[in-house]
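Taking it in order: structure first as structure tokens, then the write-up.
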Amino acid sequence: AVLGAAYLCRSWGLNYAEAPNVNNPLAIAYAWAACLAIFGGMKRWGDRTGRFAAFMTQHSFGLYICHYLALSAGAYGHVSRLALSFAGLVCCLRWRGVGVYLLSAAAAFGGGLALYAVLRRIPVVRYCVFGIQKEKNHVL
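All residue numbers for the sequence shown refer to the working numbering, where the first residue is 77 and numbers rise by one.
Below you can see the structure in the form of structure tokens.
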């Protein structure tokens, strides 16, 4: 928390994505501390099993392969049009970017899972893209 507050005070009003602001030692130390805190917190409180965890265990590789195509298509086409209408709800707060990011994230997750569900049923694509071979029946 101390590193976060120090980084915030030092870089308030600056573009966080530019090289002088990103490459300073304070930003790097804060990023390392934040990553360690996230890992420690997830080891303590995030190690749970359930239906969603079991589902994601089975579909995470397909989501990893297919999410970017769905994200790109969504962000280029429909999400940007939907975001304009959604942004009308939050325009008083000037958070139009938040709507675009939320819709893009939904398109990446939902579209990636849908694309994986379709592509894994096509035998040639299933083998060439995902490396999944059809299980052989072992009859003794």
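No residue lacks a Cβ here, since even glycine has one placed at the ideal position from N, Cα and C.
TODO: Take the Cβ of residue 167 as the centre, count every other Cβ of all protein chains shown within 10 Å, and call the residue buried at 16 or more, exposed below.
DONE: Counting from one through the sequence shown, the residue named residue 167 turns up at place 91. Legend: pLDDT at residue 167 = 48, less than 50; position of this residue unreliable, value from coordinates given subsequently. It is exposed - the Cβ of residue 167 has fewer than 16 other Cβ atoms within 10 Å.
Open item on the list: Quick check: residue 109 and residue 84, are their CB atoms within less than 8 Å of each other?
Closed with: Translated into the one-based positions of the sequence shown, residue 109 becomes position 33. Translated into the one-based positions of the sequence shown, residue 84 becomes position 8. Against a cut-off of 8 Å, the Cβ pair of residue 84 and residue 109 comes out as no contact.
Open item on the list: Here's the rule: buried if 16 or more other CB atoms are within 10 angstroms of the residue's CB, otherwise exposed. What is residue 136?
Closed with: Counting from one through the sequence shown, the residue named residue 136 turns up at place 60. Its Cβ having fewer than 16 others within 10 Å, residue 136 is exposed.
TODO: Pick helix, strand or coil for residue 214, following the three-state DSSP scheme.
DONE: In the sequence shown, residue 214 corresponds to position 138, counting from 1. Correct three-state label for residue 214: coil.
Task: Secondary structure, alpha helix (DSSP H): runs of 4+ residues fully inside the region 86-143 - done: 95-98 and 101-121
- [ ] Indicate the three-state DSSP secondary structure (helix, strand or coil) for residue 82 in the structure shown.
- [x] Your numbering for residue 82 matches position 6 in the sequence shown. Looking at residue 82 - three-state DSSP - the assignment turns out to be helix.
Task: Secondary structure of residue 77, DSSP reduced to three states - done: The sequence position of residue 77 within the sequence shown is 1, counting from 1. If DSSP states are grouped into helix, strand and coil, residue 77 belongs with coil.
TODO: Kindly confirm or deny that the region 185-193 and the region 139-151 touch, where touching means at least three C-beta pairs closer than 8 Å.
DONE: yes
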